[in-house]
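Residue numbering for the sequence shown is 6 to 393, as defined by the working numbering.
Beta carbons are placed, not taken as given, at the ideal position from N, Cα and C, and that holds for glycine.
Being a predicted model, the structure only gives us computed values, none of them experimental.
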Amino acid sequence: MKRARYLGVIGLFLLPILMWVGVASAQSFRTGDNTMVTVDEVVDSSLYASGRTIDIAGEVKGDVFCAGQNVTVSGTVRGDVICAGQTLRISGKVEGDVRAAGQTVSIGGEVKGNVSAASQSFTLESKGKVGGDVAVGGDDAVLNGTVGRDVSLGSATVVVANTVGRNLKASTENLTLSERAVVGGDLTYTSKNDATVTGGARVKGTTHRYEPQQENRSDYGKVFGFGFGTALYVVLSLLLVALALALLFPHALHDVSGLAAAAPLKTFLVGLGASFGVPVIIVGLMVSVIGIPLGLLVLLSWLLVLFLAGPFFGYYLGRLIWRTQKHPVLIMLVGSLLVLVAYLVPILGAVTFMAAIWMGSGMLLRSLFHRTPKPSYNLAPAKTTHKK
């Protein structure tokens, strides 16, 4: 009876995860050198795309998750756009939010929600329009279009040439308000230099300038010091680790995920139990003083398991969703992108993180138990026969 009750509680906890996996399996996945959604095409779900060149010219009735070298969104997206690429340009219409990372990010269409970007160069073009907030971290940011609400910028060079609906905050070396610039609220900026305000520019609220604190920061600190930029950096780094594992250890990934696919609940329970049991063992060894060396060894091993849990869970998820795919790198790419993008979504990110830790660690521990031979304590030498 108690066992059934515990399984019921675990089932209730797993329900959101299983529901999300079921929903994800019904979405559209597109990969290839050139990935396209043509002008007359309608994708009636969320779209997950990867490739050297991605061109979304049609309509997507859901969210767009993508990673590529050159990404263009010239059609209509009914949900959010979460993409990473060397060059990313949005000239169409996005009804949700845009979260982007790349060397060059430009917005030339309409975004009804918010825009968050980490890029070397960010441009809101003259025809671009953002209904919500804009947050950018990078080397330079140019706002030639209109922003409905607040703007937060962490860039070496900032140029504002159009309307900002509410407040403008910036941490920069050079801030310029051109003659058509209008800030509907307050202007607050941190810089060694006074802002350049040309004739005709207006700030309807108050203006405050603060001196930057004296500290040694690299150019990358301007990007990664920004919260969203840090998150995207971590995501891309973890994706690189996952793909490297798929290239170096494809058979190990396939075998370990096969154990989980054969007994998913058992795998989950092993990981769940270990997440509570292993820390207790480590603390017990540390407290005993004499067990400190062994405790450190267990701690390092457990940290390695936790680090690998995410990539292994990503491969398992990719294999679960893309059952017909046989190439391990593509399986890892799809699964890891789903996991890493889910990390950025509130609530879902926390659920996905715990699922990755418990399922991934369970996969690794089960594989370790399955592969490790049982020790033999019979040290008697084996009998040998001598030929006459």
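Neighbourhood of residue i by C-beta distance below 8 Å, restricted to the same chain and skipping five residues each side
i, result
"ALA266", "TYR321, ARG324, LEU325"
"GLU476", "The structure shown does not extend to residue 476, since the chain is modelled only from 6 through 393, so no value can be given for it."
"MET337", "ALA247, LEU248, LEU250, ALA251, LEU258, PRO316, GLY319, TYR320, GLY323"
"GLY296", "GLY289, LEU290"
"VAL48", "SER33, VAL42, GLY63, GLU64, VAL65, LYS66, GLY67"
"ASP38", "GLY56, ARG57, THR58"
Euclidean distance between Cα positions of residue i and residue j
i, j, result
"LEU20", "TYR215", "Per-residue confidence for LEU20 stands at a pLDDT of 40, beneath the threshold of 50, marking its modelled position as unreliable; the derived number appears in the next sentence. Cα-Cα distance, rounded: 50 Å."
"THR128", "GLY143", "11 Å"
"MET354", "ALA347", "Reading off the sequence, residue 354 comes out as Gly, not Met. C-alpha separation (whole angstroms): 5 Å."
"LEU250", "SER131", "44 Å"
"PRO255", "PRO333", "6 Å"
"PRO316", "LEU370", "15 Å"
"VAL292", "ASP68", "50 Å"
"THR109", "ALA161", "15 Å"
"THR43", "SER341", "26 Å"
"GLU64", "LEU244", "28 Å"
"VAL246", "LEU309", "13 Å"
"LYS66", "VAL275", "39 Å"
"GLY289", "LEU311", "20 Å"
"THR36", "TYR53", "8 Å"
"SER121", "VAL208", "23 Å"
"SER50", "SER33", "7 Å"
"LEU248", "GLY84", "28 Å"
"LEU301", "PRO284", "11 Å"
"LEU335", "ILE362", "22 Å"
"ILE61", "SER280", "42 Å"
"PRO217", "THR211", "19 Å"
"GLN330", "LEU277", "29 Å"
"THR201", "ARG328", "58 Å"
"VAL86", "VAL76", "11 Å"
"LEU253", "GLY263", "18 Å"
"GLY90", "VAL303", "39 Å"
Helix, strand or coil at residue i [DSSP, three-state]
i, result
"ALA102", "Checking the displayed sequence, the identity of residue 102 turns out to be Asp instead of Ala. Looking at ASP102 - three-state DSSP - the assignment turns out to be coil, as it is neither helix nor strand."
"ALA200", "coil"
"ARG185", "coil"
"ILE297", "helix"
"ARG10", "At ARG10, the pLDDT of 42 sits below 50, so the modelled position is not reliable and the matter cannot be decided from this model."
"PHE254", "coil"
"LEU304", "helix"
"VAL350", "coil"
"PHE374", "helix"
"THR168", "strand"
"ARG328", "coil"
"THR357", "helix"
"PHE231", "Because the pLDDT of PHE231 is 46, which lies under 50, any placement of that residue in the model is unreliable, and the question is left without a value."
"ALA268", "coil"
"ALA249", "helix"
"ALA206", "coil"
"ASN142", "The sequence given here has Gly at residue 142, not Asn. Here GLY142 sits in strand by DSSP."
Cut-off 6 Å between Cβ atoms - residues of its own chain near residue i, not counting five sequence neighbours on either side
i, result
"ILE95", "VAL78, ILE112, GLY114"
"VAL116", "VAL99, VAL103, VAL135"
"VAL164", "VAL147, THR181"
"ARG376", "none"
"MET368", "VAL261, ALA265, THR272, PHE317"
"SER157", "ALA140, LYS174"
"ALA105", "CYS88, LEU93, ALA122"
"PHE374", "none"
"SER176", "GLY159, THR195"
"THR168", "THR151, VAL187"
"ASN172", "ASP155, GLY190, ASP191"
Opposing strand residues paired with residue i [DSSP bridges]
i, result
"ASN179", "THR162"
"ILE87", "PHE70, ARG104"
"TYR53", "PHE34, PHE70"
"LYS134", "GLU115, THR151"
"ASN75", "THR58, THR92"
"GLU64", "VAL47, THR81"
"HIS213", "THR193"
"VAL110", "LEU93, PHE127"
Reference residue i; option with closest CA among the options
i, options, result
"HIS213", "ASN198, GLY137, GLY204, ILE352", "ASN198"
"ASP2", "GLY133, GLN125, GLY300", "An answer regarding residue 2 cannot be provided, because it is not within the stretch 6 to 393 covered by the chain."
"ARG57", "ASP45, GLY73, VAL48", "GLY73"
"LEU270", "MET337, VAL339, MET364", "MET364"
"ASP45", "VAL76, THR81, ILE59, ASN75", "THR81"
"GLY282", "TRP307, VAL350, PRO298, GLY90", "TRP307"
"VAL339", "ASN39, ASP38, ASN172, SER55", "SER55"
"ALA360", "VAL350, PRO351, ALA314, GLY101", "ALA314"
Same chain, Cβ closer than 7 Å to residue i, five either side skipped, listed in chain order
i, result
"THR357", "VAL344, ALA347, TYR348"
"GLY3", "Only positions 6 to 393 of the chain appear in the structure, and residue 3 is not among them; the question remains open."
"GLY137", "GLY118, ASN119, GLY153, ARG154"
heavy atom of the ligand FMN below 7 Å from residue i C-beta
i, result
"LEU325", "Among the ligands in the structure shown, none appear at all, so the ligand FMN cannot be discussed."
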